[in-house]
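I have placed the structure first, in the form of structure tokens, so that the comments after it can refer back to it.
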Amino acid sequence: MARMTMRPQEFANKLGVTKKQLSEWQDSGKLKPRMTSTAGRKYYTTRDISRAESLINPEKSKKQYRLNAIMTEARMFISRATSTDLARYKQKLIDRKEELKNGQ
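Its first residue numbered 68, the sequence shown is counted upward by one per residue in the numbering used here.
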């Protein structure tokens, strides 16, 4: 996916926050623009969206992090697994999905 650059207003609109909120995050060091031009213009990229979303909804971010860890583990396992292993692991993933749904 190509990285699209966005000015602060466009980036804020994409996130559903105000430009002022974006400035506050920048001032506090929570979210810095990916690029700053020599003229001082700030630019964000599509890569910055997930970082900003973690500021908007930290709980969702934690769940997404856990899900990413599980998916990484699954990909590694699948790359070297047999069909018996896959059946067992499928059940493990189904169980884990239920745990995450229930907030564990």
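Virtual Cβ for every residue (Gly too), placed ideally from N, Cα, C. In this text the structure is predicted, and so the values were computed from the model without any measurement.
With a beta-carbon spacing of about 4 Å, Lys-109 and Pro-100 fall inside the 8 Å limit used to define contacts.
Around the C-beta of Asp-152, fewer than 16 other C-beta atoms lie within 10 Å, and the residue is accordingly described as exposed. Under the DSSP definition of a beta bridge, Thr-112 partners with Thr-72. Inter-residue distance for Lys-159 and Glu-140 is about 12 Å (C-alpha atoms, whole angstroms).
Partner residues in the beta bridge of Met-102, as assigned by DSSP, are Tyr-110.
If you compare the alpha carbons of Leu-122, Lys-129, Thr-72 and Gln-93 with that of Thr-113, the shortest gap goes to Thr-72.
Between the C-alpha atoms of Gly-96 and Glu-77 there is a straight-line separation of about 20 Å. Taking the Cα positions, Ala-79 is about 12 Å away from Glu-91. The shortest CA-to-CA distance from Ser-117 to any of Thr-149, Lys-168, Ile-161 and Lys-130 is the one to Lys-130. A Cβ-Cβ separation of about 34 Å leaves Leu-82 out of contact with Ile-145 under the 8 Å criterion. At the C-beta level, Ile-137 and Arg-163 come within 8 Å of one another.
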